[in-house]
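Going left to right, the sequence shown walks through residues 1 to 481 as full-length UniProt numbering numbers them.
All C-beta atoms in this analysis are idealised placements derived from N, C-alpha and C, irrespective of residue type, glycine included.
Take a look at the structure set out below.
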Amino acid sequence: MALCNAATLQTATLGCVLVCVLSYLYLNGNVGGPEAYPLPSQHTKRLLARNQLPSKTACTCSPGSEQLKDFLRPDSEELLKRRAKELQQHKARTESVLSTRLYAPSNSPLQYPIQGFKVRPMTPTFIPGLALHAEQRSNYTVSLEVSKGILRTTIPAKGVQINVTGNGESRLMVESSSLEALNELLADVSYTSTIYHIHTGDLATFQFEDHEAVFPITIKQPQPPVLYDMGKDINSQVTIITKTFLRYPELNVLLKTIREFYKDIEIIIADDSIKPEKITGPHIQHFIMPPAQGWFAGRNLAVSQVTTKYFLWVDDDFLFTKLTKIEELVKVMEAVPELDVLGGKVGGDQFYFSLVYEEGDEVEGGCMYRKSKGKFHSLPGYPECSVVSGVVNFFLARTDAVQRVGFDPKLKRVAHSEFFMDGLGSLMVATCGHVSVSHQARLKHKDTKLYKEFRYPPKSDETSKLQLHFFKNHLKCILYG
C-alpha cells in the first residue's frame, strides 16, 4: 500500500511539473500553434508607440443624427477626393511631431527637458538640463540626434579626455572617460533649426548604452501682442454692432433704447436691405451692402470695423432695459481673460448649448452633437455664469478672437450655431444670467411679407448647410439637440 501511494505521488508530481513547463513554454511563445507569437520587448513596444501619432478611429453618431452623406448628389466622387485632399492640407498646417506620443523611460540615467523647451526658428539655443547620471565606468558615450536642425557644442581643448563627432550636424556623439567632463560639454549643446517655420517641432533622441529618451523641441516664431487701450469708460471699451435687413422700424426702436442708457457708445450697422434707408446720428456707422448678401456676411462686415477691445452683438429687434448692463459683462471678461465670448439672456431666456465632437477617421469624418442647455461647469468666481460652447444672439466678444474665426458668408439666411462650431477649440465661451436684453413685440409694416420670404428659406437652404458641414467641417453626421 505504501509503495502504491508513493508511486501515485511521484506520478502526480511529475504531471504537475510537466504542466508547469509546458505552460511556461507556451506563454513565452516557444510552443507552436496559431496563437503562439513572440512577445515584443519593452524596448520595441516603446519605440513603436512613440513613432506613431495618436490613431483616429471611426466615431459613433448620436441617435437621430443627420447622416450628411445622404444629402450629397449621386455624382460626388470628385467632391470626396477634394475633401480628402483638403483634410490632408489642413493636417499639414495644424499637426506636427509635437503630437507624437512620448513615454518617459523608467530608471534612466539620462536627464533632459521634458516640457517647455522652445526655440525661435533658425536661432541657436542651448538645450537646458542635458546630463548623464551613470555609475562609474571606464568610458561614457552618449549621442543626441534631431531631424529638423543641427547640434553644436564647445570643442574641448587638446589634452582633455573627450571626443566629439558630428559637431554642427544632426547627430552629435560625445565620448569621454570623465563623467564630469562629459556633463560640462552636454551643458553647452545648442540646437538650431535649419528651416524657417512659424510653428512646428522636432524630436530629439538622447542615447546612452541601452537607454534612450526622446524629448520635444517646439520651434515657434514669437508673436508681438495686439493690445487694446481700454480707456476710462465703456465707450472706449465696447462697440455695439448689429445687422439689419428690411426692419427699419425695429432698428430705430433699438437705437432709441440704446441711447437711453449709452448716449455716446459707438454703434455699427451692417445693412443689406433691398432699398436701404439712411440711418444717421452721433457715434453711428451705417454700412450699406449689396442687397441680400446675408446674415453672416453682414456680421463679418460689422466686426471688421470694430476698433475697441470688445463688441456687443445685438439683433436689430432687441430692446435695451435697465438690466442691459454692458459693464457687468466687461467686468467678467476682464476678470477671466481666457474668455472670448460671454452671452447673456434675451427676454428671460438664457439659451446656450454645448458641442460634443469626435474627430472620427480620415475617410468618413467626425460626429457633432449640439446639446441644448448643455454646460460644463460654473465659471470660477462667478456662480451665475457657466462655461459652455455656444450662446444666444446677445453676447460680448473679444474682437480679435472673433475676427480670427469669422462668419462663413455662405450661410446667408438662418445661421448661428455654425459660428460656434467653426470656433470650437479656438473660442472660450461662457453664459451669464445676470445681464439681459429684451425682445420687441413683432411689428407689421410694409416690408414684413418680403422679410419673411428671406427669413424662412426653402428646404434646399438646409440641405446646402448640411452639405457645407460635410465638406468644410469634415463631418459625417450632426445632431441638433
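Close-in-space but distant-in-sequence residues of the same chain around residue 434 (CB under 7 Å, 5 per side omitted): 328, 384
Three Cβ pairs or more, each shorter than 8 Å: is that satisfied between the stretch 417-437 and the stretch 390-400? yes
Under a three-way DSSP split, which group does residue 286 fall into? strand
Using the Cα positions of residue 456 and residue 412, report the straight-line distance between them to the nearest angstrom. 11 Å
What are the start and end residues of the beta strand (DSSP E) that includes residue 476? 475-480
Is it buried or exposed, residue 311, if we count other Cβ atoms within 10 angstroms and call 16 or more buried? buried
Where residue 344 and residue 227 are concerned, what is the direct C-alpha to C-alpha distance, given to the nearest angstrom? 25 Å
So, are the CB atoms of residue 152 and residue 167 less than 8 Å apart? yes
Do you know offhand how far residue 108's Cα is from residue 114's? 13 Å
Report the start-end ranges of each beta strand (DSSP E) in the stretch 185-248 that is 3 residues or longer and not cut off at the edges. 190-193, 199-208, 211-220, 238-244
Helix, strand or coil at residue 324 according to DSSP, with G and I counted as helix: coil
Given 8 Å, three or more beta-carbon pairs between the stretch 81-91 and the stretch 371-385: no
Does DSSP put residue 268 in a helix, in a strand, or in coil? strand
Boundaries (first-last residue) of the beta strand (DSSP E) holding residue 356: 352-361
DSSP beta-bridge partners of residue 349: 346
Ordered list of alpha helix (DSSP H) runs contained in the stretch 361-430, each at least 4 residues: 399-405, 417-422
Have a look at 414, 418, 369 and flag the residue whose alpha-carbon is nearest the alpha-carbon of residue 479. 369
Straight-line Cα distance separating residue 467 from residue 72: 7 Å
Looking at C-alpha atoms only, which residue of 189, 158, 160 is the closest neighbour of residue 173? 189
For residue 60, which residues from the same chain have a beta carbon less than 8 Å from its beta carbon, with the 5 sequence-adjacent residues on both sides left out? 358, 367
State the Cα-Cα distance for the pair residue 40 and residue 116, rounded to the nearest angstrom. For residue 40, the predicted structure reports a pLDDT of 40, less than 50, and the residue's modelled location is therefore unreliable. A value from the coordinates is still provided. Whole-angstrom Cα-Cα distance: 32 Å.
Paired residues, beta bridge with residue 146 - DSSP: In DSSP, residue 146 forms no bridge with anything.
Cβ contact (3+ pairs, closer than 8 Å) linking the stretch 229-237 and the stretch 176-191: no
Shortest alpha-carbon distance to residue 465 belongs to which of 68, 336, 356, 57? 68
Quick one: grab the DSSP three-state call for residue 173. strand
Tell whether a beta-carbon distance below 8 Å holds between residue 295 and residue 415. yes
7 Å Cβ shell around residue 293 - same chain, five flanking residues per side excluded: 272
Report buried or exposed for residue 469, applying the criterion of at least 16 other Cβ atoms within 10 angstroms of its Cβ. buried
Burial state of residue 216, where buried means 16 or more other Cβ atoms lie within 10 Å: buried
Beta-carbon gap between residue 303 and residue 403 smaller than 8 Å: yes
On the CB-based measure, 16 or more other CB atoms within 10 Å of its CB, does residue 441 come out buried or exposed? exposed
Closest to residue 241 by C-alpha separation, out of 265, 248, 225, 247, would be which residue? 265
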